[in-house]
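> Below you will find the structure I want to go over with you.
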Amino acid sequence: MGLPGPTPRFFFGNLIELFTHSRHSAACLADWTKEYGNIYGYFIGHTPVICVSDPDLLQEIFITKFSHFHSRRPLPLQRHDLRHLLASKDDEWKRQRSIIQPTFSSHKLKEMKTIINQCINELIEKLDQQKPNVEFDISYLLQRTSMNIILNCAFGINAHANEKLSETFFQRCLQVFEFNIFQTILTICSILLPELNFLWVTFFKYTNIFCLWLCDHIPFINRFIDTDPNTWLLYHVESIIKQRCLHGIERIDLLQSMIDATDVFQKISPSSKLSKYRLNLDELLNNIYLFMIGGY
Numbered sequence: 002m003g004l005p006g007p008t009p010r011f012f013f014g015n016l017i018e019l020f021t022h023s024r025h026s027a028a029c030l031a032d033w034t035k036e037y038g039n040i041y042g043y044f045i046g047h048t049p050v051i052c053v054s055d056p057d058l059l060q061e062i063f064i065t066k067f068s069h070f071h072s073r074r075p076l077p078l079q080r081h082d083l084r085h086l087l088a089s090k091d092d093e094w095k096r097q098r099s100i101i102q103p104t105f106s107s108h109k110l111k112e113m114k115t116i117i118n119q120c121i122n123e124l125i126e127k128l129d130q131q132k133p134n135v136e137f138d139i140s141y142l143l144q145r146t147s148m149n150i151i152l153n154c155a156f157g158i159n160a161h162a163n164e165k166l167s168e169t170f171f172q173r174c175l176q177v178f179e180f181n182i183f184q185t186i187l188t189i190c191s192i193l194l195p196e197l198n199f200l201w202v203t204f205f206k207y208t209n210i211f212c213l214w215l216c217d218h219i220p221f222i223n224r225f226i227d228t229d230p231n232t233w234l235l236y237h238v239e240s241i242i243k244q245r246c247l248h249g250i251e252r253i254d255l256l257q258s259m260i261d262a263t264d265v266f267q268k269i270s271p272s273s274k275l276s277k278y279r280l281n282l283d284e285l286l287n288n289i290y291l292f293m294i295g296g297y
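For the sequence shown, my numbering begins at 2 and goes up steadily by one.
Below you can see the structure in the form of structure tokens.
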């Protein structure tokens with residue numbers, strides 16, 4: 002690349018150094034920055050990567066020349082047809098952002114203030130119930146409170162009244178961030194051989210769909226097969242959206258704001274005049290799921 006940087010290995014590039022660092026990959030990049038300077042290059046598989054930590058150059062990249070660097074690099078195992086803010090590129094990203102942005106206006110967020118205060122009050126009550134001078138795991142309570150706020154504000158689900166559903170969503174969100182050997186192997190394959198990404202993504206997608214179908218139709222299979230939490234969450238988020246739309250239920254929450262900006266009964270083609278101003282159902286589903294995981 003004509004830049005300083007660590008010497009890559011055949012086929013793996015510098016991936017092994019990133020994965021086997023004594024602390025974590027971010028610390029590895031920090032060490033390389035100290036050794037090679039504010040601008041250097043390394044390889045992930047055979048894909049070149051430029052690492053920049055020079056403030057002036059970063060300002061030029063993110064602000065002055067944003068039009069040249071606006072799209073994100075696709076994530077490993079990311080489906081090519083995935084349509085949300087993290088996966089979209091160019092004008093598609095700009096269109097979705099302009100439609101979704103009013104959902105997070107100060108007025109919309111203030112409407113959810115009562116819901117958030119209620120969840121925080123429940124947290125305070127649980128903290129008051131703890132025995133004095135006795136250690137307890139506050140991390141679990143904070144995580145549950147975050148999930149309760151998301152379920153209430155995003156989906157209108159009262160976590161206190163739907164304890165079982167709330168706990169299930171909470172456990173599935175935890176699983177999203179847990180180590181999964183099957184997904185890890187396919188992720189490494191996708192990184193090292195991005196040319197075959199369609200194969201890895203297709204195999205991963207339909208394997209998870211099949212496992213989910215088995216668990217739904219043969220209950221005891223749950224003891225032997227772990228379904229992909231992302232597939233499970235998307236499936237149940239879609240059912241919540243469809244129930245709300247079919248029954249004409251309207252609430253003051255994030256989901257309702259996004260439904261109002263969505264044509265839920267029609268797949269809008271890219272050539273449609275409405276597509277510039279409205280989301281379609283797939284975009285709604287993927288973005289609301291993204292906000293749920295990101296918020297958690």
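Idealized CB from N, CA, C, for every residue including glycine.
It should be emphasised that the depicted structure is a prediction, and the values quoted were computed from it without experimental measurement.
Name the one or two DSSP bridge partners that C52 has.
Answer is Y41.
> Do the stretch 134 to 153 and the stretch 113 to 121 touch if we need at least three Cβ pairs shorter than 8 Å?
Touching, yes, given that three or more Cβ pairs across the two stretches are closer than 8 Å.
> Should G249 be labelled buried (16 or more other beta-carbon atoms within 10 Å of its own) or exposed?
When all chains shown are included, G249 counts as exposed.
> Measure the Cβ-Cβ separation of R80 and K206 and say whether it is below 8 Å.
A contact, by the Cβ cut-off of 8 Å.
> Since L280 and A262 are thought to touch, with beta carbons under 8 Å apart, how far apart are those beta carbons, to the nearest angstrom?
Right, their Cβ atoms sit about 6 Å apart.
> In chain order, what residues of the same chain lie with their CB nearer than 8 Å to the CB of D55, ignoring the 5 residues before and after it?
Same-chain partners within the cutoff: N39 and I40.
> Considering only C-alpha positions, which residue in the set T188, C212, L213 and N209 is nearest to W201?
The shortest C-alpha separation from W201 is found at T188.
> Please classify V238 as buried or exposed, where buried requires at least 16 neighbouring CB atoms within 10 angstroms.
So V238 counts as buried.
> Taking the alpha-carbon positions, what's the G157 to V135 distance?
About 35 Å.
> Which word fits A88, buried or exposed, when buried means at least 16 other C-beta atoms lie within 10 angstroms of its C-beta?
Per the 10 Å Cβ criterion, buried.
> Might you give, ordered along the chain, the residues of its own chain that have their beta carbon closer than 7 Å to the beta carbon of A28, omitting 5 neighbours on each side?
Result list for A28: H22, in chain order.
> Where N181 and N288 are concerned, what is the direct C-alpha to C-alpha distance, given to the nearest angstrom?
Going from the Cα of N181 to the Cα of N288 covers about 24 Å.
> Going by alpha carbons, who is nearest to L1 out of L247, L128, S191 and C212?
Outside the displayed span of the chain (2 to 297) sits residue 1, for which this structure offers no information.
> Taking N163 as the reference, give the member of R173, N149 and Q176 with the closest Cα.
Answer by Cα proximity: N149.
> According to DSSP, simplified to helix, strand and coil, what is G3?
Coil at G3, not helix or strand.
> Which residues in the same chain have their Cβ closer than 6 Å to the Cβ of F266, if we skip the five residues on either side of it in sequence?
With a pLDDT of 49 at F266, under the threshold of 50, the predicted position of this residue should be treated as unreliable, though the coordinate-derived value follows. For F266, where only same-chain residues beyond five positions count, there are no Cβ hits under 6 Å.
> Anyone know if the C-beta pair for G3 and H47 falls short of 8 Å?
Taking 8 Å as the Cβ cut-off, G3 and H47 do not qualify as a contacting pair.
> For V177 and F20, what's the separation of their Cα atoms in angstroms?
Each residue's Cα considered, the two are about 20 Å apart.
> Can the beta-carbon of F12 be found less than 8 Å from the beta-carbon of L197?
Cβ atoms of F12 and L197: not closer than 8 Å.
> Consult DSSP for L193 and reduce its assignment to one of helix, strand or coil.
Here L193 sits in helix by DSSP.
> I need the DSSP call for G295, collapsed to helix, strand or coil.
Correct three-state label for G295: helix.
> Does the distance from the C-beta atom of D91 to that of S72 stay below 8 Å?
Cβ atoms of D91 and S72: closer than 8 Å.
> In its own chain, which residues sit with a C-beta less than 6 Å from the C-beta of D254, not counting the 5 before and 5 after it?
Result list for D254: C154 and G157, in chain order.
> With R80 as the anchor, note down where its alpha helix (DSSP H) starts and where it stops.
Looking at the DSSP string, R80 is not in any alpha helix (DSSP H), and its letter there is neither H nor E.
> Short check: CB of L213 to CB of T232, under 8 Å?
Yes, the pair counts as a contact, with Cβ atoms nearer than the cut-off.
> Thinking just about the alpha-carbon of each residue, which of Q102, P195 and N223 is nearest to the one in F292?
With distances taken between Cα atoms, F292 lies closest to Q102.
> Using the C-alpha atoms, what's the distance from E61 back to F70?
Those two C-alpha atoms are separated by around 10 Å.
> By alpha-carbon positions, which one of K66, I222, K35 and L234 ends up nearest to E168?
Out of K66, I222, K35 and L234, L234 has the C-alpha closest to the C-alpha of E168.
> Have a look at S179 and Y141 and give me their C-alpha separation to the nearest angstrom.
In the sequence as displayed, the identity of residue 179 is Glu instead of Ser. Their backbone Cα atoms lie some 15 Å apart in a straight line.
> Using CA atoms only, rank isn't needed, just tell me which of M259, F204, S106 and D32 is closest to G6.
When each option's Cα is compared against that of G6, the closest is D32.
> What are the boundary residues of the alpha helix (DSSP H) that includes L1?
The chain is shown from 2 up to 297; residue 1 falls before or after that span and cannot be answered.
> Using only CA atoms, which one of C174, R74, W94 and N122 lies nearest to I51?
Out of C174, R74, W94 and N122, R74 has the C-alpha closest to the C-alpha of I51.
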